[in-house]
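Trainee: Chains as they are written, first to last, in my numbering: chain A, 29 to 217; chain B, 29 to 217.
There are 2 protein chains.
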Amino acid sequence: MARRGAYAKGVAKREEILEAALGVVADRGYGKASVREIADAAGLSAAGLLHYFGSKEELFVAILAARDARDTREHEGQSFTETFLDVVRHNAAVPGLVRLYARLAADAADPEHPAHDFFLARTAALEGPAREAVVAAQEAGDIRADVSPEWVMRVLHATADGLQSAWMLDHSIDMAADLEELLRVLRPA
Amino acid sequence: MARRGAYAKGVAKREEILEAALGVVADRGYGKASVREIADAAGLSAAGLLHYFGSKEELFVAILAARDARDTREHEGQSFTETFLDVVRHNAAVPGLVRLYARLAADAADPEHPAHDFFLARTAALEGPAREAVVAAQEAGDIRADVSPEWVMRVLHATADGLQSAWMLDHSIDMAADLEELLRVLRPA
DNA sequence: GTCTATACTCAGATAGAC
DNA sequence: GTCTATCTGAGTATAGAC
Numbered sequence: 029m030a031r032r033g034a035y036a037k038g039v040a041k042r043e044e045i046l047e048a049a050l051g052v053v054a055d056r057g058y059g060k061a062s063v064r065e066i067a068d069a070a071g072l073s074a075a076g077l078l079h080y081f082g083s084k085e086e087l088f089v090a091i092l093a094a095r096d097a098r099d100t101r102e103h104e105g106q107s108f109t110e111t112f113l114d115v116v117r118h119n120a121a122v123p124g125l126v127r128l129y130a131r132l133a134a135d136a137a138d139p140e141h142p143a144h145d146f147f148l149a150r151t152a153a154l155e156g157p158a159r160e161a162v163v164a165a166q167e168a169g170d171i172r173a174d175v176s177p178e179w180v181m182r183v184l185h186a187t188a189d190g191l192q193s194a195w196m197l198d199h200s201i202d203m204a205a206d207l208e209e210l211l212r213v214l215r216p217a
Numbered sequence: 029m030a031r032r033g034a035y036a037k038g039v040a041k042r043e044e045i046l047e048a049a050l051g052v053v054a055d056r057g058y059g060k061a062s063v064r065e066i067a068d069a070a071g072l073s074a075a076g077l078l079h080y081f082g083s084k085e086e087l088f089v090a091i092l093a094a095r096d097a098r099d100t101r102e103h104e105g106q107s108f109t110e111t112f113l114d115v116v117r118h119n120a121a122v123p124g125l126v127r128l129y130a131r132l133a134a135d136a137a138d139p140e141h142p143a144h145d146f147f148l149a150r151t152a153a154l155e156g157p158a159r160e161a162v163v164a165a166q167e168a169g170d171i172r173a174d175v176s177p178e179w180v181m182r183v184l185h186a187t188a189d190g191l192q193s194a195w196m197l198d199h200s201i202d203m204a205a206d207l208e209e210l211l212r213v214l215r216p217a
């Protein structure tokens, strides 16, 4: 049917726009990456782009959502620790994405911001599996038992985020190595 | 002399502008805080404001620099750990400042950004005293000796930053308590 | 040295034609 | 589904008043 074709084209165009947007952001930074420039790179007008994504901010949220979806898909079945460190290692290869994440997370503090709910949902979605993994690690003797699983989750998440902030300014920081050392320190005495 | 009077007035106006700017940012967020609106709140025109601060970004860097200067002044003579936790506790009372910091830190990843050098210098300035304090804490038996002082500094800084990110989205997080727990975990077995 | 008025450029977003 | 045209508001450079 005709609708099928149009639909498939829309999906393909969406992905093309996401690719182009990430490229422009990586090259020029969030602030200087205008909707017009991204539209040019994707081969359509600014208004055409906003037909797919309602606003610049929604477009950028979609990039982060696509990244999360890919990370989840690619690490299916892997252990929590390995997934965690793998994602951090991979992030060191995509500075544009890391900067986009930091920028959007800062803006999303405003409850009215389009990314606010995305970040809340993201943290909530990570919470379940991460908690299970931490409890299992404590039972297996890989993480000391005298700390709460919630605290471990918060601190691992926070430290990874904070190391990314520092790494953005100074790429000589080895985020994964610092986190591995933290996991070592968290082991029982 | 006449110069003295004019100079003193300029300094007072600068501080008035910084106060007004922080207020507007806290109320409306970085993005919606326009130079015109801040200028209105400070009682002068946008161009008048830019006479004191060359650009919106430089104005915001000045706010963070003033905060750092105050924090340093107020905690002179206090121990590293108490200063660290005090600053974190105080930050929970000034969400506008925390958001401004996060936003500027994200933008500052671009080496061309006016805040880039500020953040590099800030980290470097913290490094000396913090390293000394960590080494002393290790010698005193408050921090385990099998980790490098540099790693401890990076991780404490990163965790505090990351917890701030999480706290911006969800104010129920107790940043200071989580950091105290981290300091406890870092103690020798 | 302090500050205003004006104006320029560019941004994101919308309306409506095709 | 995509465009052109246009709106509104941003940052800021300039010229010059006081």
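Backbone N, C-alpha and C define an ideal beta-carbon position, used for all residues, glycine too.
Since L46/A contacts I91/A with CB under 8 Å, what's their CB separation in whole angstroms?
Mentor: Numbered from its first residue, the first sequence carries residue 46/A at position 18. Numbered from its first residue, the first sequence carries residue 91/A at position 63. With 8 Å as the limit, L46/A and I91/A qualify as a contact, their Cβ atoms being about 6 Å apart.
Trainee: Find the residues of chain A that neighbour D135/B, judging by a C-beta separation of less than 8 Å, and give them in chain order.
Mentor: Position 107 of the second sequence, counting from 1, holds the residue named residue 135/B. Within 8 Å Cβ-Cβ: G57, Y58, G59, R131.
Trainee: Out of R42/A, D174/A, T111/A, V53/A, state which residue places its alpha-carbon closest to the alpha-carbon of A217/A.
Mentor: Stepping through the first sequence from its first residue, residue 217/A is reached at position 189. Nearest option by C-alpha distance: D174/A.
Trainee: Below 8 Å on C-beta distance, what does L154/A contact in chain B?
Mentor: Stepping through the first sequence from its first residue, residue 154/A is reached at position 126. Near L154/A there are no residues of chain B at all, since even the closest Cβ is about 11 Å away, more than 8 Å.
Trainee: Report the CB separation of V180/A from L214/A in whole angstroms; it is logged as a contact under 8 Å.
Mentor: Translated into the one-based positions of the first sequence, residue 180/A becomes position 152. Translated into the one-based positions of the first sequence, residue 214/A becomes position 186. With 8 Å as the limit, V180/A and L214/A qualify as a contact, their Cβ atoms being about 7 Å apart.
Trainee: Identify, in the order they occur along the chain, each residue of the same chain with its Cβ nearer than 7 Å to the Cβ of R98/B, setting aside the five sequence neighbours on each side.
Mentor: Here residue 98/B corresponds to residue number 70 of the second sequence, with the count starting at 1. Excluding sequence neighbours, R98/B sits near nothing in its chain.
Trainee: Cβ closer than 7 Å: which chain A residues qualify as neighbours of F147/B?
Mentor: By one-based count along the second sequence, residue 147/B stands at place 119. Residues of chain A passing the Cβ test: L197.
Trainee: For the alpha helix (DSSP H) holding P142/A, just list the boundary residues, first then last.
Mentor: Here residue 142/A refers to the residue found at position 114 of the first sequence. That residue, P142/A, is in no alpha helix (DSSP H); it is neither H nor E in DSSP.
Trainee: Using a Cβ cut-off of 8 Å, pull out every chain A residue sitting near E65/B, in sequence order please.
Mentor: The residue given as residue 65/B occupies position 37 in the second sequence. Those do not exist, as E65/B stays about 16 Å from chain A at its closest Cβ, beyond 8 Å.
Trainee: Closest to E85/B by C-alpha separation, out of G190/B, H103/B, E102/B, A49/B, would be which residue?
Mentor: Looking up residue 85/B in the second sequence gives position 57. It is A49/B.
Trainee: Would you check whether the ligand MG has a heavy atom nearer than 7 Å to the C-beta of L87/A?
Mentor: This structure does not include the ligand MG; it has no bound ligands of any sort.
Trainee: Excluding five sequence neighbours on each side, which residues of the same chain lie with their C-beta closer than 6 Å to the C-beta of E65/B?
Mentor: Position 37 of the second sequence holds residue 65/B. V52.
Trainee: Taking the alpha carbon of M196/B as the point to measure from, which residue in V63/B, A75/B, G57/B has its own alpha carbon closest?
Mentor: Looking up residue 196/B in the second sequence gives position 168. Ranking the options by Cα distance to M196/B, first place goes to G57/B.
Trainee: Step through the CB atoms of chain A and report whether any lies within less than 8 Å of the CB of S193/B.
Mentor: Your numbering for residue 193/B matches position 165 in the second sequence. Yes, S193/B lies at the interface with chain A (some Cβ there is under 8 Å from its Cβ).
Trainee: Using a cut-off of 7 Å between C-beta atoms, extract the partners of L113/A located in chain B.
Mentor: Start at 1 with the first residue of the first sequence, and residue 113/A comes out as number 85. Within chain B, no residue comes near L113/A; the closest Cβ sits about 15 Å away, beyond 7 Å.
Trainee: For a minimum of 3 consecutive residues, which ranges assigned as the beta strand (DSSP E) are wholly contained in the stretch 77–131 of chain B?
Mentor: Qualifying beta strand (DSSP E) stretches: none in this window.
Trainee: For S176/B, name the three-state secondary structure that DSSP assigns.
Mentor: Walking along the second sequence from the start, residue 176/B turns up at place 148. Residue state, collapsed to three classes: coil.
Trainee: Determine which residues of the stretch 90–116 of chain B have a Cβ less than 7 Å from any Cβ of chain A, and write them out in chain order.
Mentor: Answer in chain order: no residues at all.
Trainee: Relative to the C-alpha of H185/A, which residue among A194/B, R182/B, P177/B, E178/B is closest?
Mentor: Within the first sequence, residue 185/A is the residue found at index 157, counting from 1. Minimum Cα distance to H185/A is reached at A194/B.
Trainee: Tell me whether A40/B is buried or exposed, calling it buried when 16 or more other Cβ atoms sit within 10 Å of its Cβ.
Mentor: Locating residue 40/B in the second sequence gives position 12, counting from the first residue. By the neighbour-count rule (16 or more Cβ atoms within 10 Å), A40/B is not buried but exposed.
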